[in-house]
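Remarks on the structure that follows.
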Amino acid sequence: MIAQNDRKLNINIILIVAALIIFILLPNYISGYYTRIFTAIFMYATIAQCINLMSGYMGYLPFGHVMFFGIGAYISAILMKTGLPVFVAIPAACFCAIVISIILGFPVLRLRGHYFAIATIGMNGAIMTVVQNATEITGGARGTTFPIITVPPAVVYKYFYLAMFGLMVITSLVMNMIVNSKFGFGIRSIKANEDAANSMGINTTFTKVSTWAIAAMFTSIAGGLYGYWMSFIAPDEVFDLMFITNSIIMMLIGGAGTILGPIFGAFIVETVSEVAWSGFMQYHLAALGIATIIIVFFIPRGLIGTITDKMRNRRIKLSKKTEVTNV
Amino acid sequence: MSDNGVILDVRSISKHFGALKAVDKVNFQVKKGEIVGLIGPNGAGKTTITNLVTGELRKTEGEVHFKGINVSNMQPFQIARIGLTRTYQVVKPLQGMTVEENILVGSLFGRSDRENDLNSARKTTHHIMELVGLEKKKDSKVSDVTLPDLKRMEFARVLAMDPEVIFLDEVMAGLNPSEVEESMELVKNIRAEKQLTIVYIEHIMKAVMGISDRIIVLHHGQKICEGSPTEVCDNPAVIEAYLGKKYAKEVISG
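First to last, the protein sequences are chains A and B. Numbering of the first sequence is given in my numbering, commencing with residue 1 and proceeding in unit increments. Numbering of the second sequence is given in my numbering, commencing with residue 1001 and proceeding in unit increments.
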């Protein structure tokens, strides 16, 4: 049994390493158009991973979570305009996002369910309004630009591809570590039953706020990279709730409460969106909506969730069978 | 620790919901190693007292001292970490997790002055599951388990937290007579092995009388009587409020 598990682990590691190498080498062989699509997929997968930690594991759906995406993008832009290099600006923006998430987290995480989701939308709106009206600092509603990158576009796209890919991989690894740790059991207990979790010795307030801070951290890095990649950002773009809506759909399709789910979901949804976009233009949102309803109706645990459930049930059945034969 | 073995000292606690005095100036003490029964008719304030002691409800007045520490203003998780915990009348399993994971969460968190990293918690979980007889159900999701097993699991989860005092809030509600018998045996055996102090909240008189060292009777949020099982059965106020004359006679004679 143990040898079998080891072999399974080895196969998984080989698969993951192979996927890493393929995706690192991929931009050398595909056109700029596909490089950009992949970069967007990695970005969405990162955000979906954060939503998954909050919603899939902890049961708090942060609908306005895009505020950290916008904060990451804007603070990076403002800092880079003062002449700071990107390696300083994005971590600084990330730090600000963490601080803001902690300050907002204490009051807003006292709310549960829909109330929490709606309160975060309100906060996102409030932050967007501030950004739109602080014209001297942010450039107001007309948006702001990042410093111009002097490297040729083809090379730049490859850089952003690799950066987003790296972010997605690191985010997924960190999430995997978190959910399998003691802290992760705390997070999952909060989703399962918050009052019981508290009475079992879990500091629920601390757990909720730190989880939100972790989610805000990765989302803000994605925001900073996105802004630099686009080189121009506007408030109604980087604070657009569509980022979160898409990420939620990706999480649901891939499987909420699984680590691979958001990644697969991002691939599926973005690919379908691209195909539908070229074919139907404005109808692709409708197609996405219908696909989501079908998925939630027939496989509520999502693709990865359903597969792992099936595998788990088979394993239990097998172990019961061997028990019987042993007797 | 305080003098003469008192581990839990409840000093004149009250809880008022508006004009309703759900709990009114109730005093009691629990000694280390005792099983204390807490009985009373529906709405007498038994569960409210549990909620007040474990910090889930804010007290209108009064203090609770546990192991000499004033826990009156602590949060439930802080109280659980120093070794005072409870089960719920309506089971609160961690939905979406397996039976094993539920108990694992108990041993991962719970009392904090012990080793509780993942490895040692898994060992504790395994041991506890053997103790209460849940190994066969360990991979089942809690949604697939029967009520008696859920109650067993909740008791196991509380044990995994390694507490010193447990409030068992109607662990037998909804069980049939043979399951009650099993549950009583389980509580007795484990209490002896783990040297637990238990506050036992129960409606089933047979269970309370058979298991408790001392009984506290509540009525309309007030303590009306306290004493050994036979003393309580003889008390006219208790018979009036709760037992009824016929039952009191039956218990004393049989």
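Glycine included, C-beta positions come from ideal geometry on N, C-alpha and C. On a predicted model such as this, the values are computed, not experimentally measured, just so you know.
For the segment 181-214 of chain A, which residues have a CB atom closer than 8 Å to at least one CB atom of chain B, in sequence order? S181, K182, F185, G186, R188, S189, K191, A192, N193, D195, A196, A197, N198, S199, M200, G201, I202, N203, T204
Run down chain B in chain order and give the residues with a C-beta less than 9 Å from the C-beta of I316 (chain A). For the purposes of this step, residue 316 (chain A) is taken as residue 316 along the first sequence, with counting starting at 1. Within 9 Å Cβ-Cβ: D1139, S1140.
With hydrogens ignored, establish whether the beta-carbon of V1099 (chain B) is closer than 6 Å to any heavy atom of the ligand GTP. Absent from the structure shown: the ligand GTP. Ligands present: none.
Report the option in A:P91, A:I127, A:H114 whose CA atom is closest to the CA atom of L104 (chain A). Taking the first residue of the first sequence as 1, we reach residue 104 (chain A) at position 104. Considering only alpha carbons, the answer is A:I127.
Straight-line Cα distance separating M1097 (chain B) from G257 (chain A): In the first sequence, the residue the question calls residue 257 (chain A) occupies position 257. In the second sequence, the residue the question calls residue 1097 (chain B) occupies position 97. Taking the straight line from one Cα to the other gives about 12 Å.
Distance, Cα to Cα, I78 (chain A) vs F239 (chain A)? Indexing the first sequence from 1 puts residue 78 (chain A) at position 78. Indexing the first sequence from 1 puts residue 239 (chain A) at position 239. So the alpha carbons of these two residues sit roughly 16 Å apart.
CB contact flag (M67 (chain A), N133 (chain A), <7 Å): Stepping through the first sequence from its first residue, residue 67 (chain A) is reached at position 67. Stepping through the first sequence from its first residue, residue 133 (chain A) is reached at position 133. No, they are not a contact pair.
Of the listed residues A:K158, A:G139, A:V88, nearest to Y33 (chain A) (C-alpha basis): Within the first sequence, the letter at position 33 stands for residue 33 (chain A). Selected option, being the one with the closest Cα: A:K158.
Rounded C-alpha distance that separates L288 (chain A) from I21 (chain A): On the first sequence, residue 288 (chain A) is found 288 positions in, with the first residue counted as 1. On the first sequence, residue 21 (chain A) is found 21 positions in, with the first residue counted as 1. In a straight line, the C-alpha of L288 (chain A) is about 31 Å away from that of I21 (chain A).
Which of the three DSSP states, helix, strand or coil, is assigned to I1007 (chain B)? Indexing the second sequence from 1 puts residue 1007 (chain B) at position 7. DSSP places I1007 (chain B) in strand when its eight states are reduced to three.
Report all residues from its chain with a CB closer than 8 Å to the CB of L1175 (chain B); omit the five preceding and five following residues, and keep chain order. Counting from one through the second sequence, the residue named residue 1175 (chain B) turns up at place 175. So the qualifying residues of the chain are L1147, P1148, K1151, S1183.
How would you label G1254 (chain B), buried or exposed, when you count the other beta carbons within 10 angstroms and need 16 or more for buried? Taking the first residue of the second sequence as 1, we reach residue 1254 (chain B) at position 254. Here the model assigns G1254 (chain B) a pLDDT of 49, short of 50, so the residue's position is not dependable, and the following value carries that caveat. Looking at its Cβ environment, which holds fewer than 16 other Cβ atoms inside 10 Å, G1254 (chain B) is exposed.
On the DSSP bridge assignment, give the partners of F1167 (chain B) in chain order. Here residue 1167 (chain B) refers to the residue found at position 167 when the second sequence is read from its first residue. B:R1086, B:V1199.
Answer yes or no: does any C-beta atom of chain A fall closer than 7 Å to that of G1254 (chain B)? As a position in the second sequence, residue 1254 (chain B) is number 254, starting the count at 1. Confidence in G1254 (chain B) is poor, its pLDDT being 49 and thus under 50, which makes the residue's placement unreliable; the coordinate value appears in the next sentence. Judged by the 7 Å Cβ criterion, G1254 (chain B) is not in contact with chain A.
Are the beta-carbon atoms of Q1075 (chain B) and G1106 (chain B) separated by less than 7 Å? Against the second sequence, residue 1075 (chain B) aligns to sequence position 75. Against the second sequence, residue 1106 (chain B) aligns to sequence position 106. In this structure, G1106 (chain B) does not lie closer than 7 Å to Q1075 (chain B) by Cβ.
Residue from B:N1004, B:E1135, B:T1047, B:H1016 with nearest C-alpha to K1032 (chain B): Counted from its first residue, the second sequence places residue 1032 (chain B) at position 32. Cα-wise, what sits closest to K1032 (chain B) is B:N1004.
Closest to E1193 (chain B) by C-alpha separation, out of B:H1016, B:G1045, B:H1127, B:R1122, would be which residue? In the second sequence, residue 1193 (chain B) corresponds to position 193, counting from 1. Minimum Cα distance to E1193 (chain B) is reached at B:H1127.
How far does the beta strand (DSSP E) with E1061 (chain B) in it extend, from its first residue to its last? Residue 1061 (chain B) sits at position 61 when you count from the first residue of the second sequence. Element bounds for E1061 (chain B): 1061-1066.
Is any beta-carbon of chain E found at less than 7 Å from that of Q1095 (chain B)? Given the protein chain composition of this structure (A and B), no chain E is represented.
Span of the alpha helix (DSSP H) holding D240 (chain A)? What you label residue 240 (chain A) is simply residue 240 of the first sequence in a count that begins at 1. Segment: none, D240 (chain A) is in no alpha helix (DSSP H) and carries neither H nor E.
Are any of the Cβ atoms in chain A nearer than 7 Å to that of G1083 (chain B)? As a working note, residue 1083 (chain B) is residue 83 in the second sequence. Not closer than 7 Å to any Cβ of chain A, the Cβ of G1083 (chain B) fails to qualify, so no.
What are the start and end residues of the beta strand (DSSP E) that includes N1027 (chain B)? One-based indexing of the second sequence puts residue 1027 (chain B) at position 27. Per DSSP, N1027 (chain B) belongs to the beta strand (DSSP E) from 1020-1031.
When DSSP labels each residue in this structure, what does K191 (chain A) get in the three-state scheme? The residue given as residue 191 (chain A) occupies position 191 in the first sequence. The answer is helix: DSSP assigns K191 (chain A) an H, G or I state.
Within chain A, the residues that A1080 (chain B) reaches when beta carbons sit closer than 7 Å: Within the second sequence, residue 1080 (chain B) is the residue found at index 80, counting from 1. In chain order: S199, M200, G201.
Which one or two residues does DSSP pair with G184 (chain A) in a beta bridge? The sequence position of residue 184 (chain A) within the first sequence is 184, counting from 1. DSSP output for G184 (chain A) lists no bridge partner at all.
Beta-carbon within less than 6 Å of E237 (chain A)'s beta-carbon, same chain only, minus the 5 sequence neighbours each way: which residues are those? Numbered from its first residue, the first sequence carries residue 237 (chain A) at position 237. Excluding positions up to five away in sequence, the list is empty.
Using the Cα positions of M164 (chain A) and L26 (chain A), report the straight-line distance between them to the nearest angstrom. Along the first sequence, one-based indexing puts residue 164 (chain A) at 164. Along the first sequence, one-based indexing puts residue 26 (chain A) at 26. The alpha-carbon atoms of M164 (chain A) and L26 (chain A) are separated by roughly 14 Å.
Indicate whether A1199 (chain B) and V1036 (chain B) have their beta-carbon atoms separated by less than 7 Å. Counted from its first residue, the second sequence places residue 1199 (chain B) at position 199. Counted from its first residue, the second sequence places residue 1036 (chain B) at position 36. Looking at the sequence itself, residue 1199 (chain B) is Val, so the reference to Ala does not match. Yes, they are a contact pair.
Within the same chain, show all residues whose beta-carbon is closer than 7 Å to that of V1238 (chain B), passing over the 5 residues directly before and after it, in chain order. Indexing the second sequence from 1 puts residue 1238 (chain B) at position 238. Same-chain partners within the cutoff: V1217, I1224, C1225, V1232.
Going by CA-CA distance only, name the one from A:A196, A:T138, A:T171 that's closest to V1090 (chain B). Here residue 1090 (chain B) is taken as the residue at index 90 of the second sequence, counted from 1. With distances taken between Cα atoms, V1090 (chain B) lies closest to A:A196.
Opening and closing residue of the alpha helix (DSSP H) in which R1111 (chain B) lies: Numbered from 1 along the second sequence, position 111 holds the residue referred to as residue 1111 (chain B). R1111 (chain B) -> no alpha helix (DSSP H), and no H or E assigned at all.
In three-state DSSP terms, what is R1122 (chain B)? As a first step, residue 1122 (chain B) must be located in the second sequence, where it is residue number 122. Helix at R1122 (chain B).
Do G1062 (chain B) and S1012 (chain B) have their beta-carbon atoms positioned less than 7 Å apart in this structure? Start at 1 with the first residue of the second sequence, and residue 1012 (chain B) comes out as number 12. Start at 1 with the first residue of the second sequence, and residue 1062 (chain B) comes out as number 62. Against a cut-off of 7 Å, the Cβ pair of G1062 (chain B) and S1012 (chain B) comes out as a contact.
Residue nearest to I1166 (chain B) in terms of C-alpha spacing, selected from B:E1034, B:N1027, B:K1015: Counting from one through the second sequence, the residue named residue 1166 (chain B) turns up at place 166. If we check each option's Cα against that of I1166 (chain B), B:E1034 comes out closest.
Beta-bridge partners of H1016 (chain B), as assigned by DSSP: Position 16 of the second sequence, counted from the first residue, corresponds to residue 1016 (chain B). In the DSSP output, where bridge partners are listed per residue, H1016 (chain B) has B:K1021.
If you draw a straight line from the C-alpha of R314 (chain A) to the C-alpha of I1007 (chain B), how long is it? For this step, residue 314 (chain A) is matched to residue 314 along the first sequence. For this step, residue 1007 (chain B) is matched to residue 7 along the second sequence. Each residue's alpha carbon lies about 49 Å from the other.
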